[in-house]
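Residue numbers (the working numbering): 47 to 289.
Pasting the structure below:
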C-alpha cells in the first residue's frame, strides 16, 4: 500500500454540508439513513489519503454496521472494535476491547478510524496515543469528535448543555421520564477543539488535515480563532500520518 496517496477530490462545499446536516436530523428517527450517509462520507475522506483496497482498517469505537459494509465494499480488511460485545458490527466478526488499551501490536495496522468516540472516553489523549501506537509507520489515523461547546456538544441534551451539563441532564430526564444515554461526566466528557489540536501537534505524527468535519473546506480557518472555533466547529476532523 502506498504511503503517499493524495488524490484530487471535489472541493467540499456548502452542498455537502447541507446534505449532511439534513441526514443528521434523522439520526434518531431514521438511523440507517444517517449512518449510511456518514459512512460513505467517512470513506471518501479517508480515500483521499490512503488506498483502502487491501488495507487493514481498525474502527475504534465501532457501532452501526453501515461502516463495516461501506469500508468492506471499498476492499478494506475492516475490523470493528468496541468495549460492548452487543454492538452490531462487533457481533459480525469484530473485536471486544478497551480503546485505552487496544489489543493490537505496535505498528500493526494500516489505518485507524475513530468517529465520535473521543468525547465518550475519560482519557481522550491516552486513547489517541493508543491509536497512533498501533498504526504502522506511514499509516493513517482519522480521528473526529464532537467538541463540548458545539451546538451538539451535549448530544441529545443539546443545546441546553450550554447552560450546564448537569442541568441539561436533569431537564432531559424531566421531559422524557428517563435519563439521557449521554450523561456528562459519566458517558460524555467535555473535550474541546483546543484539546484535539494540542494532541495532534504534540503527537509526533504528520498532521494532514485539521478542520471542521461537516462544514465546507473554507471553514478550516475557524480553527485559528480561539473561542469562536469551540462554538462553530461542531465536529473536529483530524487526519494524521505516523512517521
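Built from N, CA and C at the ideal position, the CB exists for glycine as well.
All values derive from a computational prediction rather than experimental measurement.
A Cβ-Cβ contact shorter than 8 Å links residue 180 with residue 158.
Here residue 186 is near residue 285, since their CB atoms are less than 8 Å apart.
When the Cα atoms are used, residue 166 and residue 217 turn out to be separated by approximately 21 Å. DSSP places residue 181 within a strand segment (E or B) once states are collapsed to three. For the set 160, 112, 121, the Cα lying nearest the Cα of residue 138 is the one of 112. Per DSSP, reduced to three states, the secondary structure at residue 260 is coil, with no helix or strand assignment. In the DSSP assignment, residue 105 falls within the unbroken beta strand (DSSP E) covering 102-106. Residue 176 and residue 130 have their C-alpha atoms spaced approximately 18 Å apart. Of the residues 266, 280, 289, 282, the one whose Cα lies closest to the Cα of residue 59 is 266. Closest by C-alpha distance to residue 84, out of 241, 223, 128, 62, is 62. In this structure, residue 135 sits away from residue 101, with a CB-CB distance that is not shorter than 8 Å.
Between residue 263 and the set 273, 249, 279, the nearest pair of CA atoms involves 279. The criterion of a C-beta distance shorter than 8 Å is satisfied by residue 269 and residue 239. Counting along the chain, residue 82 sits inside the alpha helix (DSSP H) bounded by residues 77-93.
Scanning its chain for C-beta atoms nearer than 8 Å, with the 5 sequence neighbours on each side dropped, one finds around residue 251 the residues 178, 187, 286, 287, 288, 289, in chain order. Residue nearest to residue 201 within the set 271, 230, 151, 222 is 230 (criterion: CA-CA distance).
Secondary-structure assignment with DSSP links residue 159 through a beta bridge to 105, 188.
Within its own chain, the residues whose Cβ lies closer than 8 Å to the Cβ of residue 151, once the five positions on either side in sequence are excluded, are 180, listed in chain order. Counting the other Cβ atoms within 10 Å of the Cβ of residue 248 gives fewer than 16, which makes it exposed. With a cutoff of 8 Å on beta-carbon distance, residue 140 and residue 125 are scored as near each other.
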